[in-house]
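All remarks here apply to the structure that follows.
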Amino acid sequence: MDDRPGLPTRLLMGLVRGYQLLFSAWLRAGCRYSPSCSNYAMQSLRRHGAAAGTYLAVGRVLRCNPFCLGGHDPVPDNPPRLFTRFTERPSRCRPGSASSTANPKASHD
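Take the position in the sequence shown, starting the count at 1, then add 42; the result is the number in the numbering used here.
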């Protein structure tokens, strides 16, 4: 099985890498977080794909401002709930509910 990221993810990772090589060295502002925002973006894209990774990376960049304290903020192991809500299928059957709805006319006799 191929573990390479898809094309959209690779393109986004290329943009982040371009930023790291071209602008990050010149700006030298430093990030308030560990890992840096660009490394966080690379890790989130690699781990969660283009959509969820971008969502996480944008949220991180918005949190990184002069008014925050920063600190250690690793990429979460699980994607945000927004991206798993439709892929998780809850069970429709609850314990005990099948017997109460199996024969609805039985209670009317």
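The C-beta atom is built at its ideal place from N, Cα and C for all residues, glycine as well.
Cα-Cα separation, residue i to residue j
i: R102; j: F65; result: 18 Å
i: L124; j: G95; result: 12 Å
i: P122; j: T51; result: 17 Å
i: W68; j: Q62; result: 10 Å
i: H114; j: G48; result: 29 Å
i: N81; j: P108; result: 19 Å
i: R127; j: N120; result: 12 Å
i: G60; j: G72; result: 17 Å
i: R70; j: C106; result: 15 Å
Residue of the options minimising C-alpha distance to residue i
i: R74; options: C110, A67, P118 and N81; result: C110
i: L53; options: V100, C106, R127 and A92; result: A92
i: R46; options: R88, R70 and Y61; result: R88
i: L104; options: R70, G60, C79 and R127; result: C79
i: G112; options: D119, N120 and P77; result: P77
Contact set for residue i: own chain, Cβ-Cβ below 7 Å, skip 5 residues either direction
i: M84; result: M55 and V58
Same chain only: Cβ atoms within 6 Å of residue i, ignoring 5 sequence neighbours per side
i: L98; result: S86
i: V100; result: none
With 16 other Cβ atoms within 10 Å as the buried cut-off, status of residue i
i: V117; result: buried
i: H90; result: buried
Same chain, Cβ closer than 8 Å to residue i, five either side skipped, listed in chain order
i: S142; result: With a pLDDT of only 48 at S142, under the threshold of 50, the placement of this residue in the model should not be trusted, and no figure is reported.
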